[in-house]
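Shown next, in structure tokens, is the structure this report addresses.
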Amino acid sequence: MTETPSSAANEPALRGSPSQALNGATIGFFIGFGAVSLFGPTAHSFVKVMSLSPEQVGFLVAIPMLTGSLLRIPFGAWVDTTGGKLPFLILLILSVLGIGGLYYMLLTLYPDHLDQSHYPWLLLFGALGGCGIATFSVGIGQVSYWFPKQQQGWALAAYAGFGNTSPGLVALAMPLMITFIGLWGAYLVSLAIVVVGIGLYLRLGHNAPYFQLSHSGIPRAERCARAERAGQELFPQASALHTLMEAAAEWRTWLLVVLYFTTFGGFLALTAWFPTYWQSFFQTSHWVAVILTATFSLLSSLIRVPGGRWADRFGGELVAVISLTILLAGALLMTFSGGFLMSVIGELLVGAGMGVNNAAVFRMVPNYVPHAVGGAAGLVGGLGALGGFAVPPLLGYFVGMMGAGGYARGFVVYIGLAVLSLILTGILRLALRRPGLPEMLPVREAGR
């Protein structure tokens, strides 16, 4: 859909296409998520020179994930009122301010002039940097409104899968850059990449046709009709608060939250946990732990892309059942095998199951909440991501209670989550056979 001429001389031309919007959103999410991944090396560089306590370190590392997860909810809902471009750009700019602030502290204060008095500034810049994670729910809404319903699974999986690869790539590239050009140089290069990415998003990330027409003075019904002729099938509610309330009122939204908590929240938790797990339980070297963690992260991200196609073809519920079963098998191996090779196989099964299920969940969102996609994406993406905070303390509890053996036994947490998610997916499948599921708003009703 490139520069489509308007049907009337006084109507604005529609810009962009589904593929451009998908590419732009993917680039934006990739750099937003990658910017947050840069925070870890900096935080640990500050620990010794600032004499931070373990509690301060834990909060410092967690703060970007906290803001990035919670901001997904209001910003995801905001998409339903303005389209995705404005909220996406605001989050990326805030993220750049956070990463730029950290770089300035490195340049001017590190290491001789840093002390405890600068800790609040670290928290502030970390919180701003975390805004890049919140771009996820914005991009979900933006991409959903561009693509027809039968292509939602592939489009959303490509967006999330390729965008999600940045933490794994950063985990591999950042230590190498620090080795060759130092921490300051690595951050400067990374910051430049983020700025370039924002420019690419600005060029490609157009809103869907309905939102492009929203400031044209054309009545809503006519905007919907023209957007439908341009290929748009999903249409939003009138306010961000209303779309959040609509999504929250749909009970299926909360089942999807649990499914996403298990696999995306679980993915975030294991990305942070695996380096410690491999080095502490199997006494691997630092680089072996980095490679195994990056492999898990990249596998889980990239398999999400074909997972979206499978969800389009076979249905999100069936694909979720299969992927959660794979996750369960991997968790069982990691809990009870105790051997290095079997644990590596278990890690791969867990990563594959998580990635495919993440695609299946967002294939189901437009099906179950078509009248409030942005609000549902915000709730599912935001609350589901909180698994990244809730799960690591549970894994640590097993280590504290059982010693070194707790590193393996702690994966019983994922056994429980996988079983619970399988039960909830079965409930969703049963619900498909019953009447009462909201249908996608046709144009004549969307204009009311």
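Using our numbering, the first residue of the sequence shown is number 1398, and each one after it goes up by one. Yeah, the Cβ is synthetic: ideal placement off N, Cα and C, and Gly gets one too. Please read these numbers as outputs of a predicted model, since none were measured by experiment.
Exposure of residue 1576 is indicated by the presence of fewer than 16 other C-beta atoms within 10 angstroms of its C-beta. Note: residue 1817 is not bridge-paired with any residue in the DSSP secondary-structure output. Assignment of residue 1767 by DSSP, reduced to helix, strand and coil, places it in the coil class.
In the structure shown, residue 1639 falls within a helical segment according to DSSP collapsed to helix, strand and coil. The criterion of a C-beta distance shorter than 7 Å is satisfied by residue 1536 and residue 1556. Residue 1671 sits in a helix when the DSSP states are folded into three classes. Using a 10 angstroms sphere on the CB of residue 1737, the tally of other CB atoms stays under 16, which defines it as exposed.
Restricting attention to 1666, 1730, 1812, 1787, the CA atom closest to the CA of residue 1721 is found in 1812. Between residue 1674 and residue 1804, the C-beta spacing is below 7 Å.
Residue 1588 places its beta carbon less than 7 Å from that of residue 1496. Judged by DSSP secondary structure, residue 1624 falls within the alpha helix (DSSP H) whose first and last residues are 1617–1626. Relative to residue 1554, the option among 1760, 1751, 1512 whose CA is nearest is 1760.
Spanning the alpha carbons of residue 1429 and residue 1591 requires a straight line of approximately 8 Å. Remark: C-beta atoms of residue 1415 and residue 1544 approach each other more closely than 7 Å. Residue nearest to residue 1689 within the set 1549, 1742, 1661, 1767 is 1742 (criterion: CA-CA distance). The Cβ neighbour count for residue 1638, taken over all protein chains shown within 10 Å, is under 16; the residue is labelled exposed.
The beta carbon of residue 1462 lies closer than 8 Å to those of 1433, 1527, 1530, 1665, 1782, 1785, 1786 in the same chain, with the five residues before and after it left out. For residue 1589, the enclosing alpha helix (DSSP H) starts and ends at 1563–1601. Straight across, the Cα-Cα distance linking residue 1647 with residue 1518 is about 40 Å. In the same chain as residue 1417, and ignoring 5 residues on each side of it, the C-beta atoms closer than 6 Å to its own belong to 1601, in chain order. Within the same chain, and ignoring the five residues on either side of residue 1597 in sequence, the residues whose Cβ sits closer than 6 Å to its Cβ are 1424. Counting along the chain, the unbroken alpha helix (DSSP H) around residue 1491 starts and ends at 1482–1505.
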